[in-house]
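Trainee: Just so we're aligned, residue 0 is where the sequence shown starts under numbering that gives the first Met the number 0, counting upward by one.
Glycine residues also receive a C-beta, built at the ideal position from the N, C-alpha and C atoms.
Quick caveat: nothing in here was measured; it's all calculated off a predicted structure.
First the structure, then my questions, so here it is.
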Amino acid sequence: MDILWSPWRYDYIKSGDQPQEQKDSSGCVFCDILKNSASDEEKFILHRAEFNFVILNIYPYISGHLMIVPFKHLADLDFADKNTTDEMMDLAKSCQTILRKAYNPNGFNLGMNLGRAAGAGVAEHFHMHILPRWIGDANFMTAICETRTIPEDLKTTYARLKDRF
Ligand SMILES: [Zn+2]
Numbered sequence: 000m001d002i003l004w005s006p007w008r009y010d011y012i013k014s015g016d017q018p019q020e021q022k023d024s025s026g027c028v029f030c031d032i033l034k035n036s037a038s039d040e041e042k043f044i045l046h047r048a049e050f051n052f053v054i055l056n057i058y059p060y061i062s063g064h065l066m067i068v069p070f071k072h073l074a075d076l077d078f079a080d081k082n083t084t085d086e087m088m089d090l091a092k093s094c095q096t097i098l099r100k101a102y103n104p105n106g107f108n109l110g111m112n113l114g115r116a117a118g119a120g121v122a123e124h125f126h127m128h129i130l131p132r133w134i135g136d137a138n139f140m141t142a143i144c145e146t147r148t149i150p151e152d153l154k155t156t157y158a159r160l161k162d163r164f
């Protein structure tokens, strides 16, 4: 068996993505979206709550792929205050109800990728994904390996969901 514990590598790994309470938000996709003067419809923002907003994933794994994103630029869940994470979970429940009514799925994926090593596309600004699933659709691993089932364009998805929030 290989020896997996190698402390010299830990130093190397440690120098990579570090959780930080307030990294520079310049170049952050979500912060740029919020600063952009385009309308919420053009930016595919479905809903603005007090601490978080709900937005369509513009590179969806599947139709109805939503993201719940804090307004505050924070890399990690455990740096967020309780108001933000409580509201995030309430929004996840609302999203589930709304997606169920709009798409009648058989199930949902709900989750977060925290850090690049965990597969986060936007590692510097944490966010929660929620997406509807159907029996027989591409499985999630296939989906993240770029085989995507998207029978509906984003504007159609937006129009279908917007008024339900
Ligand atoms: Zn940000």
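Taking the CB atoms as reference points, tell me whether residue 61 and residue 44 lie closer together than 9 Å.
Mentor: As a working note, residue 61 is residue 62 in the sequence shown. As a working note, residue 44 is residue 45 in the sequence shown. Their beta carbons are not under 9 Å apart, which means residue 61 does not touch residue 44 by this criterion.
Trainee: Going by DSSP, what residues sit across from residue 52 in a beta bridge?
Mentor: Here residue 52 corresponds to residue number 53 of the sequence shown, with the count starting at 1. According to DSSP, which records beta bridges pairwise, residue 52 is partnered with 47 and 68.
Trainee: How long is the line joining the alpha carbons of residue 89 and residue 98, rounded to whole angstroms?
Mentor: Counted from its first residue, the sequence shown places residue 89 at position 90. Counted from its first residue, the sequence shown places residue 98 at position 99. Between residue 89 and residue 98, the C-alpha separation is close to 14 Å.
Trainee: Which stretch, first to last residue, makes up the beta strand (DSSP E) that contains residue 132?
Mentor: Taking the first residue of the sequence shown as 1, we reach residue 132 at position 133. Start and end: 127-132.
Trainee: What residues come near ligand 1, if near means a beta carbon less than 5 Å from any of its heavy atoms?
Mentor: After applying the 5 Å Cβ criterion, the set is 24, 27, 29, 30, 72 and 124.
Trainee: What is the rounded straight-line gap between the Cα of residue 51 and the Cα of residue 91?
Mentor: To locate residue 51, count along the sequence shown from 1; it is residue 52. To locate residue 91, count along the sequence shown from 1; it is residue 92. Cα to Cα, the separation comes out at about 11 Å.
Trainee: Does the distance from the CB of residue 108 to the CB of residue 76 come in under 9 Å?
Mentor: Numbered from 1 along the sequence shown, position 109 holds the residue referred to as residue 108. Numbered from 1 along the sequence shown, position 77 holds the residue referred to as residue 76. No, these two residues do not count as a Cβ contact at 9 Å.
Trainee: Can the beta-carbon of residue 30 be found less than 9 Å from the beta-carbon of residue 124?
Mentor: In the sequence shown, the residue the question calls residue 30 occupies position 31. In the sequence shown, the residue the question calls residue 124 occupies position 125. Going by C-beta atoms, residue 30 is nearer than 9 Å to residue 124.
Trainee: Return yes when the Cβ of residue 159 is within less than 9 Å of the Cβ of residue 151, no when it is not.
Mentor: The sequence position of residue 151 within the sequence shown is 152, counting from 1. The sequence position of residue 159 within the sequence shown is 160, counting from 1. Against a cut-off of 9 Å, the Cβ pair of residue 159 and residue 151 comes out as a contact.
Trainee: Run through DSSP, which three-state label would residue 97 get?
Mentor: Here the question's residue 97 lines up with position 98 in the sequence shown. Residue 97 falls in the helix class under three-state DSSP.
Trainee: I'd like to know whether the C-beta atoms of residue 57 and residue 65 end up nearer to each other than 9 Å.
Mentor: The residue given as residue 57 occupies position 58 in the sequence shown. The residue given as residue 65 occupies position 66 in the sequence shown. Their beta carbons are not under 9 Å apart, which means residue 57 does not touch residue 65 by this criterion.
Trainee: From 68, 74 and 96, pick the residue whose C-alpha is nearest to that of residue 85; which is it?
Mentor: Translated into positions along the sequence shown, residue 85 becomes position 86. If we check each option's Cα against that of residue 85, 68 comes out closest.
Trainee: Considering only the beta carbon of each residue, do residue 72 and residue 38 sit closer than 9 Å?
Mentor: Position 73 of the sequence shown, counting from 1, holds the residue named residue 72. Position 39 of the sequence shown, counting from 1, holds the residue named residue 38. Cβ distance not < 9 Å, so residue 72 and residue 38 don't count as in contact.
Trainee: Kindly list the residues whose CB is nearer than 6 Å to the CB of residue 28, restricted to its own chain and excluding five residues on each side of it in sequence; keep chain order.
Mentor: Position 29 of the sequence shown, counted from the first residue, corresponds to residue 28. Closer than 6 Å at Cβ, skipping near neighbours: 121.
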